[in-house]
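K.L.:
Mind having a look at this structure? Questions to follow.
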Amino acid sequence: MLLDAIIIADAGTESVSTTSAIRFNLNGKAATIQNIKGYINNKPYTDNEDLFSWSSSLKLNGIFLFSYLKKHGFNVELVNNYFIDRTRFSDSMTRNPRAVIISTTFIMSKVLLRSLVTDIRSVYPDIFIIVGGPFVYSSYLLLQKIKSNPEYLLASEKKDYLFLEIDQEPDVDLYIVSLRGENILLEVLNDLRNDSSINLPHNSAKLSGGSYIFSNRMDDVSNAEPMHIDWNSMPDMVFQNGIVPMQASNGCPNKCLFCNYMKDPRIMHITPLDRIIEDMKVVARRGARYVWFVDDNFRLGKNDLNDVCKRMIAEKINLRWMSFMRASTLVRTDPILLKQAGCVEVQLGLESGDRHILQLMNKQADPDMYASVIEKLMRHGINCSCYFLFGYPGETDASAGRTIEFIKSIEFPNYDGVLTWSLFPFMLLPLSPIYEIDHRQQFSLKGHWQKWEHKTMNFDQAKACAIKTFFELKHSGILYRGDNQDMYLAMQPSIRKAFVSYRHECSKLALQQNLDLHLMTKNMKAILCQ
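When we follow my numbering, the leftmost residue of the sequence shown carries the number 38, and every step to the right adds one.
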């Protein structure tokens, strides 16, 4: 059967975390637990052992589009990561698809989008390419900003986005410019199926004659269908890695000043608990063993987590899971219930251990509350992965030092839970509140993305703070989302903590070119063979 479209969920973006770039590697790959075990046993691990890692989970944006289009009668294939899954893409192209659909949930620059489109065009020059998603919509919002304030972006900054400066544009046939453009996609695919000419539907754009043409704007968000996935109808490939992404909510009600995520209240919702329970049962029957709730803030921080856990326990949901949660949500949460419900890890965007910096960020939090929550979770054996940001306007060496000391204070080496972290330099992002002129004037803030400076710090100094933190921590470690969770969670807590701490020590030694691989092998055997 001919394909209507191939969906591309990701193009293989790299993390902007400072610590991701300096994590420990063996044989050219991240030093995951399965890679290390293979190395010390002189028996290289197979790719199948990567399947039970958080990073092996398919992207939810692609899964949703696949489910939505299948529901409406279209024959589609899903490519999770184009530059990794080129073979799958090429195999799907033999079925003569009418279009390629690219979601930009994980594509954050025109350069990366152009690289992806150019690679496709080099082999399939005539395929109809449709692009939509957050990066397209953000570029459109920036265009509107510049119309009212031409100085909002510098000329050099405009090159990073679509629509702003016509220079080396991706060879795309149609952009869908909407927060929820699924209905537009249906219209375009119907026209392609019927061999009709493709006019500009509402909320879309295309490049023509050296400039972009935009269609009329309509509200296609308020009445959009709920983002429900029919897990029963999904292909086996979605479940073969053992980990499935799900959403218990969409959007975030918080107003952190560094955040440029779209805060449109029309797309903010909490998935009914009955739906969550039913979906978890379905994916468990299909072979999933883990669920990654990819919410920005689990159930929008609704204070019913104890009840949610009780329901999961009562329904005998046999899945382990992880999610981002607001620390304040966890103040009144019973960690015993959380663990019994299957939660093995909580992700926390803490950002700073300095009270004043948190106030400047509008985080509505303080280090004492953070420490109390993490102590409670780790004491009960729930792992915590925390995200920190260095260099926010107002940051000094002293405030960064307080964050370092704070992280040391929450390592809790004697508790069963493991602390891991990722350290980021602040990035000055257009459309974030801190990018606006009043904040720029307040902090003498100049620049864009990773080229910025303010009264007390610049990007290079912020990155240096992150690296300093990396070297000072001893009883925790960098995030390795590629760890095989079956192997990782099967270890006794004390062994797991020793493994994470020693792997981090190896990271530091490797970065200094002082790592003795023979000694590393001996020590890792002693830890992992207990």
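Beta carbons: idealized from backbone N, C-alpha and C, even for Gly. These numbers were taken from a predicted model, which means no experiment stands behind them.
Determine the closest residue to I240 out of G247, L201, E219 and F335, with distance taken between C-alpha atoms.
P.N.:
Position 203 of the sequence shown, counted from the start, is the residue given in the question as residue 240. The question names Ile, yet the displayed sequence has Asn at residue 240. N240 has its Cα closest to that of E219, out of G247, L201, E219 and F335.
K.L.:
Classify T155: buried if its beta carbon has 16 or more other beta carbons within 10 angstroms, exposed otherwise.
P.N.:
Taking the sequence shown and counting its residues from 1, the one referred to as residue 155 is at position 118. Flag for T155 reads exposed.
K.L.:
Using a Cβ distance threshold of 8 Å, determine whether the segment 475-482 contacts the segment 511-521, with at least three qualifying pairs required.
P.N.:
Judged by Cβ distances under 8 Å, the segment 475-482 makes no contact with the segment 511-521, as fewer than three pairs qualify.
K.L.:
Could you give the DSSP three-state label for I203: helix, strand or coil?
P.N.:
On the sequence shown, residue 203 is found 166 positions in, with the first residue counted as 1. Note: I203 maps to coil in three-state DSSP.
K.L.:
Please state whether DSSP places M33 in a helix, a strand or coil.
P.N.:
Absent from the model: residue 33. The displayed extent of the chain is 38 to 567, so no value can be given.
K.L.:
Candidates A46, I45, A67 and G338: which alpha carbon is nearest N521's?
P.N.:
By 1-based counting over the sequence shown, the position of residue 521 is 484. Comparing Cα-Cα distances from N521 to each of A46, I45, A67 and G338, the minimum goes to A67.
K.L.:
Considering only the alpha carbon of each residue, which of Q549, H541 and Q550 lies closest to N560?
P.N.:
Position 523 of the sequence shown holds residue 560. For N560, the nearest C-alpha among the options comes from H541.
K.L.:
Got a sec? Which residues, its chain only, sit under 7 Å from L310 by beta carbon, not counting five neighbours each side?
P.N.:
Counted from its first residue, the sequence shown places residue 310 at position 273. Here the set comprises V345 and R348.
K.L.:
Determine the extent of the beta strand (DSSP E) in which P171 is found, giving its start and end residues.
P.N.:
Reading the sequence shown from its first residue, position 134 is the one you call residue 171. Taken as a continuous stretch (DSSP letters only), P171 belongs to no beta strand (DSSP E), being part of the alpha helix (DSSP H) at P171 to S185.
K.L.:
If you drop the 5 nearest sequence neighbours on each side, which residues of the same chain put their C-beta closer than 6 Å to that of S538?
P.N.:
In the sequence shown, counting from the first residue as 1, residue 538 sits at position 501. The answer, listed in chain order, is H512.
K.L.:
Here's the rule I'm using: 16 or more other beta-carbon atoms within 10 Å means buried, otherwise exposed. How should L460 be labelled?
P.N.:
On the sequence shown, residue 460 is found 423 positions in, with the first residue counted as 1. It counts as buried.
K.L.:
Once you ignore the five residues that flank K562 on each side, which residues in its own chain have a CB closer than 6 Å to its CB?
P.N.:
Residue numbering aside, residue 562 sits at position 525 when the sequence shown is read from its first letter. Only I77 meet the Cβ criterion.
K.L.:
The alpha helix (DSSP H) spanning A527 covers which residue range?
P.N.:
For the purposes of this step, residue 527 is taken as the residue at position 490 of the sequence shown. Element bounds for A527: Q522 to A527.
K.L.:
Cα separation between D163 and D273?
P.N.:
As a first step, residue 163 must be located in the sequence shown, where it is residue number 126. As a first step, residue 273 must be located in the sequence shown, where it is residue number 236. If I take the Cα positions, the gap works out to 31 Å.
K.L.:
With 16 other CB atoms within 10 Å as the buried threshold, where does P282 fall?
P.N.:
On the sequence shown, residue 282 is found 245 positions in, with the first residue counted as 1. Looking at its Cβ environment, which holds 16 or more other Cβ atoms inside 10 Å, P282 is buried.
K.L.:
Do A499 and F443 have their C-beta atoms closer together than 7 Å?
P.N.:
Numbered from its first residue, the sequence shown carries residue 499 at position 462. Numbered from its first residue, the sequence shown carries residue 443 at position 406. Not a contact, by the Cβ cut-off of 7 Å.
K.L.:
Assuming V481 contacts K488 (C-beta within less than 8 Å), just tell me the rounded distance between them.
P.N.:
Sequence index remark: in the sequence shown, residue 481 carries index 444 (1-based). Sequence index remark: in the sequence shown, residue 488 carries index 451 (1-based). Residue identity check: residue 481 is Ser in the sequence provided, not Val. The Cβ separation is near 15 Å, so there is no contact.
K.L.:
List the endpoints of the continuous alpha helix (DSSP H) containing K376.
P.N.:
The sequence position of residue 376 within the sequence shown is 339, counting from 1. Here the alpha helix (DSSP H) through K376 covers P372 to Q377.
K.L.:
Could you tell me which residues DSSP pairs with Q384 in its beta bridges?
P.N.:
On the sequence shown, residue 384 is found 347 positions in, with the first residue counted as 1. Paired residue(s): F361 and S422.
K.L.:
If we call anything under 7 Å between Cβ atoms a contact, is M415 one with G454?
P.N.:
Against the sequence shown, residue 415 aligns to sequence position 378. Against the sequence shown, residue 454 aligns to sequence position 417. Yes, they are a contact pair.
K.L.:
Rounding to the nearest angstrom, what Cα-Cα distance links R312 and N269 in this structure?
P.N.:
Here residue 312 corresponds to residue number 275 of the sequence shown, with the count starting at 1. Here residue 269 corresponds to residue number 232 of the sequence shown, with the count starting at 1. Those two C-alpha atoms are separated by around 13 Å.
K.L.:
Going straight from the alpha carbon of G324 to that of C543, what length do you get?
P.N.:
Along the sequence shown, read from residue 1 onward, the residue named residue 324 stands at position 287. Along the sequence shown, read from residue 1 onward, the residue named residue 543 stands at position 506. Roughly 35 Å separates the two Cα atoms.
K.L.:
So E114 is in the beta strand (DSSP E); what residue range does that whole segment cover?
P.N.:
Numbered from its first residue, the sequence shown carries residue 114 at position 77. Taken as a continuous stretch (DSSP letters only), the beta strand (DSSP E) holding E114 covers V113 to V116.
K.L.:
Enumerate, from N- to C-terminal direction, the unbroken alpha helix (DSSP H) stretches of 4 or more residues contained entirely within the segment 413-470.
P.N.:
Complete alpha helix (DSSP H) runs here, min 4: 434-446.
K.L.:
Given a cut-off of 7 Å on the beta-carbon distance, is the pair L337 and I307 in contact?
P.N.:
Here residue 337 is taken as the residue at index 300 of the sequence shown, counted from 1. Here residue 307 is taken as the residue at index 270 of the sequence shown, counted from 1. Taking 7 Å as the Cβ cut-off, L337 and I307 qualify as a contacting pair.
K.L.:
Three or more beta-carbon pairs under 8 Å between the segment 204-223 and the segment 163-178, yes or no?
P.N.:
Counting Cβ pairs under 8 Å, three or more are found: they touch.
K.L.:
Is Y571 helix, strand or coil when you go by DSSP?
P.N.:
The requested residue 571 is not part of the displayed model; the chain covers only 38 to 567.
K.L.:
What is the C-beta distance between M305 and N287, in whole angstroms, given that I count them as a contact (C-beta under 8 Å)?
P.N.:
For the purposes of this step, residue 305 is identified with residue 268 of the sequence shown, where counting begins at 1. For the purposes of this step, residue 287 is identified with residue 250 of the sequence shown, where counting begins at 1. The Cβ separation is near 6 Å, so the contact holds.
K.L.:
Leaving out five residues on either side along the sequence, give the residues of the same chain with a beta carbon under 6 Å from the beta carbon of C289.
P.N.:
Against the sequence shown, residue 289 aligns to sequence position 252. D333 and N334.
K.L.:
Do you know whose CA, among G390, D403 and W358, lies nearest V368's CA?
P.N.:
Position 331 of the sequence shown, counted from the start, is the residue given in the question as residue 368. The shortest Cα separation from V368 among G390, D403 and W358 belongs to D403.
K.L.:
Helix, strand or coil: how does DSSP classify K243 here?
P.N.:
Looking up residue 243 in the sequence shown gives position 206. Strand at K243.
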